[in-house]
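Heads up: take any position in the sequence shown, counting from 1, add 110, and you land on our numbering.
No residue lacks a Cβ here, since even glycine has one placed at the ideal position from N, Cα and C.
Notes follow the structure.
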Amino acid sequence: MDRLLQHANALLPEASGMAPVPKAWIVPHAGYRFSGAIAASAYARVQFGAQTLRRVVLLGPSHRVGIPGIAVPSVSAFDTPLGSVPLDQDNVQALLSLPCCVAADEPHAKEHSLEVQLPFLQKVLPEFQLTPVAIGAASRDQVAAALKQVWGGPETLILISSDLSHYHAYEEAQRLDEQSSRAIMSLAPGRIRSRDACGWRGVNGLLQQASDLGLTPSTLNVLSSGDTTGRRDRVVGYGAWTFSADAVTVDKGITEADETQLLELARKSIACAVAGKPVPRVAVGTFAAALQRPGATFVTLTKGGRLRACLGSLRAFRPLVLDLVERSHSTAGKDARFPPIRRDEVADLHMEIAILTAPTELHFKSAGDLLEQLLPGTDGLTIEDQGHRATFLPKVWSEISDPARFLARLRQKAGLSQDHWSATIRAWKYQTRSFGTALHTRNRAITPPVKLD
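What follows is the structure, encoded as structure tokens:
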């Protein structure tokens with residue numbers, strides 16, 4: 111007990127001072143002298159949720175006992191030298207309602223991937239209930255379904271326990287763990303394999319859930335036993351990541367009614383442009399709070415399925431409704447690739463609005479490295495080099511599904527050669543929330559009505 115307290119007290123202060131608390135985490139589970147510092151970099155941040163967090167869902171691989179799916183224990187508490195940790199019986203029963211879950215104590219009896227986390231949790235959270243889950247041969251979908259079942263709200267912390275590559279030379283371990291880190295940061299479920307992480311099933315299940323919810327990943331630390339012990343012939347990799355529902359995601363406060371209102375606002379702004387009238391003035395304070403916050407929008411007009419005009423903002427610097435009304439007006443008449451929209455073609459046009467997340471800058475050494483960090487169909491991409499800049503919205507993946515061609519065509523759009531590459535090229539990825547309608551409609555009533563000055 112004294113040794114555990116000494117480890118916790120010595121390690122936790124190194125990473126303190128970080129807030130707020132993210133929703134989900136990946137943490138390592140080796141002995142404290144191997145990965146304790148990496149785990150502490152995570153738990154030092156968890157302690158800032160001590161007033162809110164009351165439930166912890168902890169998933170780790172079953173190293174010793176085979177399980178067809180996942181297993182929860184039948185006991186009411188786990189005991190450690192620091193005291194007793196009560197189990198969350200409501201969550202346990204919720205998981206047992208899933209076909210993939212069984213009640214079994216044997217997988218939990220000596221499972222270090224779970225028990226090594228408990229002293230840290232007891233140190234940073236004064237009061238919580240635990241849902242321990244041992245993962246066997248569960249599919250990614252099964253793990254994601256289990257997470258969804260017990261995801262909870264701000265009172266619930268999700269932990270995935272996993273080490274990274276095992277028993278490679280130091281340089282090879284660095285290479286493999288860097289690949290895994292890129293997959294995690296790209297929210298790419300399925301890219302992590304058994305050779306990459308012992309808890310690969312849990313990691314992939316979390317990545318699927320995080321991708322579905324639009325969470326934002328962040329890397330806290332990636333090291334190996336070669337860094338923490340000095341021995342570099344057969345090392346094990348360790349990493350810590352967080353997943354947050356923060357400002358980088360599209361505002362979840364935007365409702366379907368808000369979308370309808372935005373479509374009508376864009377339609378009226380386009381009508382002003384077609385009629386040769388100026389951008390309509392908008393009474394920002396009359397809109398829902400989610401629409402008054404800074405937002406970046408793109409407006410796309412198509413005719414017969416073919417692009418007719420598309421303009422937008424890549425960064426949020428003004429209220430969303432103001433950005434939309436400006437971009438809608440510009441799209442109708444200022445896309446230099448096309449002539450202005452004519453009144454006689456309005457009835458044939460379809461309009462789509464995309465609300466963009468804040469861009470995340472990518473760090474890469476090659477084109478292939480850049481592409482590995484993209485999730486086709488989900489990520490938009492902006493590149494910039496030598497005064498040239500261009501972006502492809504995520505929907506362009508439906509037309510150019512091959513990642514290499516996607517990047518080549520984006521270079522071309524930017525005014526660069528399709529195979530252009532230089533040490534100064536920069537890239538950002540982002541996601542969108544998109545919705546659309548026919549530009550011309552007989553029923554243009556909405557609730558509440560759009561209010562223009």
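Put simply, the backbone Cα of glutamine 161 is about 41 Å away from that of arginine 342. Note that the segment 251-267 does not touch the segment 494-510; fewer than 3 beta-carbon pairs, one per stretch, sit closer than 8 Å. Within the model, the alpha-carbon separation for arginine 391 versus lysine 378 is close to 11 Å. If only uninterrupted alpha helix (DSSP H) runs of at least 4 residues are considered, those enclosed by the segment 197-256 are 199-206, 216-219, 222-225, 228-234.
With contacts defined by Cβ atoms closer than 8 Å, leucine 459 and arginine 418 form a contacting pair.
Judged by their CB atoms, isoleucine 294 and tryptophan 351 are nearer to each other than the 8 Å cut-off. Membership of leucine 417 in the beta strand (DSSP E) is indicated by the continuous run 416-422. Threonine 534 is not a Cβ neighbour of glutamine 483, given a cutoff of 8 Å.
Rounded to the nearest angstrom, the Cβ distance from valine 394 to valine 431 is 6 Å, consistent with a contact under 8 Å. Secondary structure note for isoleucine 268: its beta strand (DSSP E) is the uninterrupted segment 266-271. Under DSSP, leucine 169 takes part in a beta bridge, and its partners are Val243, Ile270. Boundaries for alanine 457: no beta strand (DSSP E) harbours it, and the DSSP string shows neither H nor E there. In this structure, valine 195 keeps its C-beta atom at 8 Å or more from the C-beta atom of leucine 224. The beta carbons of valine 435 and leucine 269 sit no closer together than 8 Å.
Glutamine 203 is classed as exposed because its beta carbon has fewer than 16 other beta carbons within 10 Å across all chains shown. Going by C-alpha positions, valine 384 is about 12 Å away from alanine 457. Proximity of the segment 225-237 to the segment 137-153 meets the contact definition, three or more beta-carbon pairs being nearer than 8 Å. For alanine 406, the enclosing beta strand (DSSP E) has its first and last residue at 406-413. A direct Cα-to-Cα measurement between glutamine 259 and serine 527 gives close to 49 Å. DSSP places valine 394 outside any beta strand (DSSP E), giving it a letter other than H or E. One Cα belongs to isoleucine 493, the other to serine 291, and the distance between them is close to 22 Å.
Alanine 385 carries a coil assignment under DSSP once its states are collapsed to helix, strand and coil.
With fewer than 16 other Cβ atoms from the protein chains shown falling within 10 Å of its own Cβ, threonine 365 counts as exposed. The continuous beta strand (DSSP E) containing arginine 499 extends over residues 498-502. Secondary structure note for valine 435: its alpha helix (DSSP H) is the uninterrupted segment 430-443. Each of Gly176, Val409, Ala283 was checked against the Cα of alanine 548, and the nearest Cα belongs to Val409. Counting along the chain, the unbroken alpha helix (DSSP H) around isoleucine 294 starts and ends at 280-295. Annotation for glycine 443: Ala383, Pro450, Ile451 place their beta carbon closer than 7 Å to its own, counting only its chain and skipping 5 residues before and after.
Nearest in C-alpha terms to threonine 467, of all of Ala134, Ala406, Leu192, is Ala406. Contact annotation: arginine 174 and isoleucine 245 have beta-carbon atoms that are not nearer than 8 Å. Positions of the alpha helix (DSSP H) runs, each at least 4 residues long and wholly inside the segment 298-336, are given as 310-323 in order along the chain. For alanine 376, DSSP records no beta bridge to any residue. Relative to isoleucine 136, the option among Asp273, Arg285, Val212 whose CA is nearest is Asp273.
Going by DSSP, valine 131 is part of no alpha helix (DSSP H) at all; its letter is neither H nor E.
In the DSSP annotation of this structure, the continuous segment of the alpha helix (DSSP H) that includes alanine 147 starts and ends at 142-156. In the three-state DSSP reduction, glutamate 509 falls in the coil class, being neither helix nor strand.
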